[in-house]
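Reading through the structure tokens given below for one structure.
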DNA sequence: CGTCGAATACCACGTTCGTGCGATTGTGGC
DNA sequence: GCCACAATCGCACGAACGTGGTATTCGACG
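Chains as they are written, first to last, in my numbering: chain A, 9 to 224; chain B, 9 to 224.
As structure tokens, this is what we get:
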């Protein structure tokens, strides 16, 4: 009935031995999943990489001795590009969450999650989802809203925005003039006005401001 | 048994009348929740704002006639700062998801969600969570990983990075020279080398590259 | 009707930049 | 001991920029 090819192969990296065993047992007790490799550090796992087959899922702790799980995400993503990495940790501070997700983690769970939640999350990852602890999901949205600085209005006219756009893309005044069928002098005037409105006095100042404040 | 004060007040903004009624019925059939106000556009809702009490939750569509739900998030967040806005839409493209979450949505569901999922999500929001459709959560993580572009290494030396930093902050070559107790010519040379390594030939090109690729 | 902002256009001047050369010194590796 | 490389310094020149002006046109708004 059960074929090896449909078994979900899970790799565990967790330095707390008793919790590692708990996970190991949980996986192997679950229909359709197996865990043949469990390590206590990224280094150990990386050393054995040549001898094991690519897992579908890596359950990864963050607070590991030696290389942190965050760094580990990077490494394993390089070696096993199609493997999904599921973070399972006690850390729920913004920095760890942010770094982990940026590095390509497929999900983020906290260690207080009940066993069924962990199993469900593995299935969810493979179904194309991104399981996250409720608190973590909330943090993620918070980070988003912080990203979007409400665009300060400097009162730029449409024409000025258009020229600013070209300015940023690196064209010279003359090139902008050609592109918009304007005189060099007109462009010059517009740029002067843009500088005044943005309170800058160089084109790189303008570029900086646009990127920093997410204008345009 | 049921007290008004513990009732969760839900406001609905949904232009599809039949779906709106479905939601309305669903909410009012649910223990501990009530919906007394349902609108078909943000404009309608905003006009009635003075006559209604602040809801705990707004169920908001995105594809609305007139003002889009995205814009609506902003408006309602201003009027009812503590109200949670739950997006309920058919749109799952990156732009809409991104904009909605940046504007402060507390969750993002797709209209194919079963009724129980909607009710659960409302509860989850109030419990401090951020309910998201599985696909949406996945997109959100994708966006994160795109944010953290793994810094391409252009082989800049420490000194060059230092000068690039000052370049970006808007100093002229002479000012940089003064700040670092260097000759103008030295700074000039460093900048030349930076341009070569970054494959740009203007200071604004360098600034652009640094921001776009998240260098430094 | 007047006036205000936006868009257009022009000029001149000094400053800064980008780039072509070349050069010396010190440090670290093989 | 030699080579590579980073860091330092130098010069000259044309191109592009930033800034101070002034001026015309045209639509909008009161």
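Beta carbons are placed, not taken as given, at the ideal position from N, Cα and C, and that holds for glycine.
Within its own chain, the residues whose Cβ lies closer than 8 angstroms to the Cβ of residue 45(B), once the five positions on either side in sequence are excluded, are 19, 20, 53, 56, 60 and 63, listed in chain order. Residue pairing by DSSP leaves residue 223(A) without any beta bridge partner. Taking a C-beta cut-off of 7 angstroms against chain B, the contacting residues of the segment 191–221 of chain A are 210, 211, 212, 213, 215, 216 and 219, listed in chain order.
Residue 143(A) and residue 124(B) have their C-alpha atoms some 21 angstroms from each other. Around the beta carbon of residue 122(A), fewer than 16 other beta carbons sit within 10 angstroms, so the residue counts as exposed. The beta carbon of residue 213(A) sits closer than 7 angstroms to none of the beta carbons in its chain outside the five residues before and after it. Between the segment 174–187 of chain A and the segment 151–167 of chain B, the count of Cβ pairs shorter than 8 angstroms is below three; the stretches do not touch.
Closer than 8 angstroms to the CB of residue 112(B) there is at least one CB belonging to chain A. Under the criterion of beta carbons closer than 8 angstroms, residue 98(A) and residue 118(A) qualify as touching, at roughly 7 angstroms. Residue 70(A) sits in coil when the DSSP states are folded into three classes, being neither helix nor strand. Against residue 152(A), the close residues of chain B are 109 and 110, in the order they occur along the chain (beta-carbon pairs closer than 7 angstroms). Between residue 66(A) and residue 91(A) a beta carbon distance of about 6 angstroms is seen, short of the 8 angstroms cut, so the two are scored as contacting.
Beta bridge pairing from DSSP links residue 18(A) with 65(A). Here residue 94(B) carries a strand assignment [DSSP, helix/strand/coil]. Taking all protein chains in view, the Cβ of residue 206(B) is crowded by 16 or more other Cβ atoms within 10 Å, so the residue is classified as buried. Relative to the Cα of residue 58(A), the nearest Cα in the group 69(A), 148(A), 33(A) and 87(A) belongs to 87(A).
For residue 138(B), no beta strand (DSSP E) encloses it, and the DSSP letter there is neither H nor E.
Chain order gives no chain A residues near residue 164(B), where near means a beta carbon separation below 8 angstroms; the closest approach is about 18 angstroms. For residue 111(B), the CB contacts under 7 angstroms within the same chain, skipping 5 residues up- and downstream, are 78, 81 and 82 in chain order. Among the CB atoms of chain A, one or more fall inside 8 angstroms of the CB of residue 135(B). Shown here for residue 43(B): same chain residues with a beta carbon closer than 8 angstroms to its own, the five before and five after excluded, namely 17, 18, 19, 20, 31, 32, 35 and 36 in chain order.
Runs of the alpha helix (DSSP H) lying entirely within the segment 140–174 of chain B, each at least 4 residues long, are 142–155 in chain order. With respect to chain A, the C-beta atom of residue 125(B) has no partner C-beta closer than 8 angstroms. DSSP places residue 119(A) in the coil class of the three-state scheme, outside both helix and strand. Residue 68(B) and residue 94(B) have their C-alpha atoms roughly 6 angstroms apart. Annotation: residue 47(B) is outside any alpha helix (DSSP H); the continuous beta strand (DSSP E) that includes it extends over 41–47. For residue 59(B), there is no enclosing alpha helix (DSSP H), as DSSP gives it neither H nor E.
Below the 8 angstroms Cβ cutoff, chain A contributes 137, 138, 139, 140 and 145 as neighbours of residue 145(B), in chain order. In terms of Cβ geometry, residue 106(B) and residue 140(B) do not form a close pair [threshold 8 angstroms]. Out of 48(B), 204(B) and 41(B), the CA that lies nearest to the CA of residue 26(B) is found in 48(B). Residue 28(A) counts as buried, since no fewer than 16 other beta carbons sit within 10 angstroms of its beta carbon. For residue 138(A) against residue 149(B), the beta-carbon gap comes to about 5 angstroms, under 8 angstroms, which counts as contact.
Relative to residue 218(B), the option among 192(B), 179(B) and 161(B) whose CA is nearest is 161(B). Following the DSSP letters along the chain, one finds residue 207(B) in no alpha helix (DSSP H), marked with neither H nor E. Contact between residue 199(B) and residue 220(B) does not hold, since the beta-carbon distance rounds to 19 angstroms and is not under 8 angstroms. Here residue 203(A) is not near residue 196(A), since their CB atoms are 8 angstroms or more apart.
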